[in-house]
Structure formats: C-alpha cells, structure tokens
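Asks: For reference, the structure I am asking about is given below.
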Amino acid sequence: MTTTKEELVNTIKEWVTVEKEMKLLSKELKQRRQRKKELTNALCETMKQNEIDCFDINDGKIVYTQNKVKAPISKRHLLTCLTKYFEQKPNDNSAEIAEFILDSREVKIKDNIRLKGNK
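Under UniProt numbering, the residue at position 28 of the sequence shown is numbered 28, and the numbers go up by one with no gaps.
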C-alpha cells in the first residue's frame, strides 16, 4: 500500500477532524443523557404520585414500570448473614446457607419509563 505524502497528510487531517467531532458529539450525548435522566425522574415521580400507568403520545406511549433490583452481595453483608445464620442454626448444609444469603439481600425498587412506538 503506497500512498503519497499528500494523501497521508490528508488522511491524518481527516482523522483528527473526525476525532474532534466524535469528542464534541460525546459531550453533547452526555449532556442529553443527563437531561433525559432528570426528565425521567420528574415524570416517574409525577406518574407514581398520580397513579398514572401510561401517557398516550403521537409516537406511541410512555409506560411507567417498576423493577425490583437486588443489592449485590458484599463481603460485609456475607459475613453478617453467615454470623446470624450460624447463631440460629448451627448444623445445616451449605445449600441452605447460600439460599439464606441470596434471600436476605436488600431489594430496591427502581422506577422507569419507556417509549413504546406504534406498530
């Protein structure tokens, strides 16, 4: 692959231009994601308080949903659960221990909305 010096310079200039455009677009995308997050939180709160499940809009609908998300198992949580478990039941097997630990995790409810398009 032989390229002239001029082609190489042009390729480098174009690459630099594309890189700068990508950085600018990434910055704008980050700002839009942040704004969308703020708007989503406001809409979720309004829909939750007023018990609204769905908004019909021109492009489809905005649907309010809730997801239950379990907290991750941290070392501190694991040690605390094992200590409590063995105080209550000193002679049980590991399957029960694992089940106890997984069932004792904190459950968080995450509010969300999504846009459903018309089909």
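Yeah, the Cβ is synthetic: ideal placement off N, Cα and C, and Gly gets one too.
(1) Assign Met22 to buried or exposed, taking buried as 16 or more other Cβ atoms, counted over all protein chains shown, within 10 Å of its Cβ.
(2) Taking the C-alpha atoms as reference points, what is the distance between Asn112 and Lys36?
(3) For Asp57 and Arg105, what's the separation of their Cα atoms in angstroms?
(4) Kindly identify the DSSP beta-bridge partner or partners of Gln66.
(5) Distance check for Ile97 and Gln49, CA to CA, integer angstroms please.
(6) For Lys13, does the three-state DSSP call read helix, strand or coil?
(7) Give the DSSP-derived three-state secondary structure of Lys89 in the structure shown.
(8) So if DSSP puts Thr81 in a beta bridge, which residue, or which two residues, is it bridged to?
Replies: Put simply:
(1) exposed
(2) 12 angstroms
(3) Note that residue 57 is Ile in the sequence shown, not Asp. Answer to the nearest angstrom: the Cα atoms are 38 angstroms apart.
(4) Asp111
(5) Near 39 angstroms, if we compare the C-alpha coordinates of Ile97 and Gln49.
(6) helix
(7) If DSSP states are grouped into helix, strand and coil, Lys89 belongs with coil.
(8) Looking at the sequence provided, one finds Cys at residue 81 rather than Thr. In the DSSP output, where bridge partners are listed per residue, Cys81 has none listed.
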